[in-house]
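J.: Quick one: the structure is below, and I'll ask about it shortly.
In our numbering, the protein residues as written are 571 to 900.
Spelled out as structure tokens, the structure:
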């Protein structure tokens with residue numbers, strides 16, 4: 571077993587102030603590791619980075635019939651709760667004959683600052699539709715309705731979660747040692763980091779295969795590629811870098827310093843975890859790996875914003891920044 575390694579440095583003035591250590595894996599669909607940093611077998615919670623796997627039963631079961639590609643992307647999303655996200659979630663629930671009380675994710679303030687301010691000013695309540703996982707939960711409800719089972723879809727023994735676990739273990743290539751409940755109340759299964767990278771590679775390489783799971787993976791992947799604004803939102807890495815990439819790529823964050831990438835052209839998957847759980851470090855590291863793999867151009871100003879972000883103080887002065895560790899970019 572390998573210890574975590576240096577992936578990102580934070581500077582203040584000319585000095586390194588802090589270091590983000592972690593693990594990363596680039597994998598092929600057969601589980602072959604192309605490159606790795608730290609411990610490929612580190613047990614991890616992928617958190618929201620696993621959403622494309624959690625959404626597989628939505629498509630495999632046939633429950634997604636009639637859903638738009640925007641809704642499928644939203645089922646895999648950690649959205650900002652911009653109005654475009656909220657409107658689709660509410661419309662989706664209405665089509666199911668349900669309202670927001672059916673969502674178990676809990677209320678969460680919009681990360682659209684203007685919308686959040688307007689809601690406070692107007693006394694509008696924060697509801698579960700604004701939770702950044704409300705699309706995933708709408709997908710779970712859709713599967714539950716389709717199967718005719720209890721709408722208590724976050725129960726680990728509910729057929730919805732049994733289907734999620736089966737898909738998760740099949741795609742990661744390993745039996746999960748267990749689960750914990752995510753911030754949105756849904757079960758989140760543990761895997762090896764290398765297993766998560768391999769799962770993303772299997773999503774990347776699923777084209778042309780006739781089995782139900784591969785076809786479902788392509789459907790979800792292509793929805794995310796077509797609608798990156800649904801996957802995250804304005805200004806977010808998962809949206810902005812997809813738009814400037816030199817080839818198709820899906821980027822997906824997970825809480826506490828996790829990121830995955832799906833590279834269909836290269837048929838590769840990437841997974842990384844910052845050991846201390848720092849999301850800024852994870853964003854720099856995944857951007858660096860995409861530059862390393864030729865997916866992003868380091869000279870592009872949008873890429874630079876995520877590859878070497880500035881640290882600003884309250885007076886608006888640049889006082890430092892983050893940068894990938896030496897050699898991570900390539």
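Just so you know, even glycine gets a beta-carbon here, dropped at the ideal spot from N, CA and C.
1) Quickly, what does DSSP pair residue 888 with across the bridge? List them, please.
2) For residue 775 and residue 844, what's the separation of their Cα atoms in angstroms?
3) For residue 875, tell me which candidate among 864, 892, 886, 863 has the shortest Cα-Cα distance.
4) Looking at the secondary structure, which residues open and close the beta strand (DSSP E) in which residue 587 lies?
5) By DSSP's criteria, residue 579 is part of a beta bridge. Which residues make up the other side?
6) Got a sec, what are the start and stop residues for the beta strand (DSSP E) residue 702 sits in?
7) Whether or not the region 617-624 and the region 589-603 are in contact is what I'm after, with contact meaning three or more pairs of Cβ atoms, one per stretch, closer than 8 Å; do they touch?
8) Provide the residue span of the beta strand (DSSP E) that contains residue 822, from first to last.
9) Per DSSP, what kind of secondary structure is residue 798 in: helix, strand or coil?
10) In the structure shown, what three-state DSSP assignment does residue 839 receive?
11) List, from N- to C-terminal side, the alpha helix (DSSP H) runs of 4 residues or more that fit wholly inside the region 629-687.
12) Is the region 812-832 close to the region 791-799, with three or more CB pairs under 8 Å?
13) For the region 666-680 against the region 708-717, are there 3 or more C-beta pairs whose distance is under 8 Å?
14) Here's a check: name, in chain order, each residue in its chain whose Cβ is nearer than 8 Å to the Cβ of residue 725, leaving out the five neighbours to either side.
15) Three-state secondary structure (DSSP) at residue 757?
16) Following the continuous alpha helix (DSSP H) through residue 851, name the residue where it begins and the one where it ends.
17) How would you label residue 882, buried or exposed, when you count the other beta carbons within 10 angstroms and need 16 or more for buried?
18) Between residue 852 and residue 827, is the Cβ-Cβ spacing less than 7 Å?
19) Have a look at residue 660 and residue 682 and give me their C-alpha separation to the nearest angstrom.
20) Locate the beta strand (DSSP E) running through residue 771, then write down its first and last residues.
21) Report the rounded CA-to-CA distance for residue 689 versus residue 677, giving the unit in angstroms.
22) When DSSP labels each residue in this structure, what does residue 817 get in the three-state scheme?
23) Secondary structure at residue 713, three-state DSSP: helix, strand or coil?
24) Over what stretch of residues does the alpha helix (DSSP H) that includes residue 831 continue unbroken?
25) Residue 908 by DSSP, collapsed to three states: which one?
T.: Per the coordinate set shown:
1) 882
2) 26 Å
3) 892
4) 585-598
5) 589, 893
6) Residue 702 -> no beta strand (DSSP E), and no H or E assigned at all.
7) no
8) 820-824
9) helix
10) strand
11) 639-645, 653-665
12) Two segments are said to touch when three or more pairs of C-beta atoms, one from each, lie closer than 8 Å; by this definition the region 812-832 touches the region 791-799.
13) yes
14) 731
15) strand
16) 849-862
17) exposed
18) yes
19) If I take the Cα positions, the gap works out to 17 Å.
20) Segment 763-774 is the alpha helix (DSSP H) holding residue 771; no beta strand (DSSP E) there.
21) 13 Å
22) coil
23) helix
24) Where residue 831 is concerned, there is no enclosing alpha helix (DSSP H), although the beta strand (DSSP E) it sits in stretches over 828-833.
25) Residue 908 is absent from the model: the chain starts at 571 and stops at 900.
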